[in-house]
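Enquirer: From first to last, the protein sequence lines stand for chains A and B.
Numbering follows our numbering, in which position 76 of the first sequence is assigned residue number 76; successive positions increment by one, without gaps.
Numbering follows our numbering, in which position 87 of the second sequence is assigned residue number 1087; successive positions increment by one, without gaps.
There's a structure below that I have some questions on.
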Amino acid sequence: DVKVTQSSRYLVKRTGEKVFLECVQDMDHENMFWYRQDPGLGLRLIYFSYDVKMKEKGDIPEGYSVSREKKERFSLILESASTNQTSMYLCASTPRGGAGNSPLHFGNGTRLTVT
Amino acid sequence: AQSVTQLGSHVSVSEGALVLLRCNYSSSVPPYLFWYVQYPNQGLQLLLKYTSAATLVKGINGFEAEFKKSETSFHLTKPSAHMSDAAEYFCAVTRGGGYQKVTFGTGTKLQVIP
């Protein structure tokens, strides 16, 4: 089974801090994604990456950046955390071939609180 | 553009009753459609997916969904609800052919009453 591991289940950070959310997958998937989940809004795509060092903006990239230096690892960076970034963050991966051909495999999420 | 509408943010059913969760989509090209389930404190996992092979799709845990092009719907059903079905369910749509963007609905929380 594909395993997608997010390094933290819960994080509490202060406004203005730089925050790193880490995600590792063990199935050699080319595509990796970061989503944000908020009640009543579903999942919204922040960024995705289809290869090492490659990235594409999703629907809500403002205030976020990403890094993919190794195929198995995809990091989400909040350059200066703000309270409106308090949310659940979900990482996902799929193999090459598109998200239509293969379902997303999700990690268990990181619940970030910014105070 | 593609979009997904899930009717009802909360649905309650009695244990043993029919489960019906509604999903309508819009897509300018033939879509790929998914249902995912999220149990408390977990990520999402795939229940089932439609990729044009058959209009009635069977998934895990006794769930199934029927693709109806004329109604642009992909409703999720289960004949008899179990307590363990209590979770949040998300409908999602994407275009095929290597396209990466998956659009999710806003989710429906299913409560199962004993």
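Cβ coordinates follow ideal geometry from the N, Cα and C atoms, glycine included.
Please read these numbers as outputs of a predicted model, since none were measured by experiment.
1. Using only alpha-carbon positions, find the residue among S1003/B, L1020/B, L1076/B and P1030/B that is nearest to K1069/B.
2. Can you list the residues of chain E that Q1111/B reaches, using a CB-CB cut of under 9 Å?
3. Would F33/A and C91/A qualify as a contact pair, given that the criterion is a beta-carbon distance under 8 Å?
4. In whole angstroms, give me the CA-to-CA distance for A81/A and S87/A.
5. Looking at G107/A and G1059/B, is the spacing between their C-beta atoms short of 8 Å?
6. Distance, Cα to Cα, H1075/B vs E69/A?
7. Take every Cβ of the region 8-20 of chain A, pair it with every Cβ of the region 1075-1095 of chain B, and state whether three or more of those distances are shorter than 8 Å.
8. Please return the same chain residues whose Cβ sits closer than 8 Å to the Cβ of L104/A, not counting the five positions on each side in sequence.
9. Give me, in chain order, the residues of the same chain whose beta-carbon lies closer than 7 Å to that of L1046/B; leave out the 5 immediate sequence neighbours on both sides.
10. Please name the residues in the region 1042-1056 of chain B whose beta-carbon is closer than 8 Å to at least one beta-carbon of chain A, in chain order.
11. For G1016/B, which residues of its own chain have a beta-carbon under 8 Å away from its beta-carbon, when the five flanking residues on both sides are left out?
12. In chain order, which continuous runs of the beta strand (DSSP E) of length 3 or greater are located wholly inside the region 14-56 of chain A?
13. Compare the C-beta of K1101/B with all C-beta atoms of chain A and state if any pair is closer than 8 Å.
14. Determine, using beta carbons only, whether L41/A comes closer than 8 Å to chain B.
15. Can you give the Cα-Cα distance for T110/A and N1041/B, rounded to whole angstroms?
16. Does any residue of chain B have a CB that is nearer than 8 Å to the CB of F106/A?
17. Below 8 Å, how does it come out for the region 1007-1015 of chain B and the region 1103-1110 of chain B: are there three or more Cβ pairs, yes or no?
18. So, does the CB of G63/A fall closer than 8 Å to a CB anywhere in chain B?
19. Below 7 Å CB to CB, which residues in the same chain sit around A1087/B once its five sequence neighbours on both sides are set aside?
20. Mind listing the chain A neighbours of S1009/B? Cutoff is C-beta to C-beta under 9 Å, in chain order.
21. Any idea what DSSP makes of Q1116/B, helix, strand or coil?
22. Could you name the residues that DSSP lists as bridge partners for F1063/B?
23. Can the beta-carbon of V1057/B be found closer than 8 Å to that of Y1025/B?
24. Near L11/A, which residues of its chain fall below 8 Å by C-beta distance, leaving aside the five closest residues on each side in sequence?
25. Tell me which same chain residues have a C-beta within less than 8 Å of the C-beta of D1085/B, skipping the five on either side of it?
Expert: With the structure as the only source:
1. P1030/B
2. Note that chain E does not occur in the displayed structure, where the protein chains are A and B.
3. yes
4. 12 Å
5. no
6. 40 Å
7. no
8. F33, A92, S93 and T94
9. F1034 and Y1036
10. Q1042, G1043, L1044, Q1045, L1046, K1049 and T1051
11. S1080 and A1081
12. 19-25, 31-38 and 42-51
13. yes
14. yes
15. 10 Å
16. yes
17. yes
18. no
19. V1037, Q1038, Y1039 and L1110
20. P39 and G40
21. Because chain B spans 1001 through 1114 in this model, residue 1116/B falls outside it and cannot be assessed.
22. In the DSSP output, where bridge partners are listed per residue, F1063/B has none listed.
23. no
24. V19, L21, T110, R111, L112 and T113
25. V1019, N1061, K1078, L1110 and V1112
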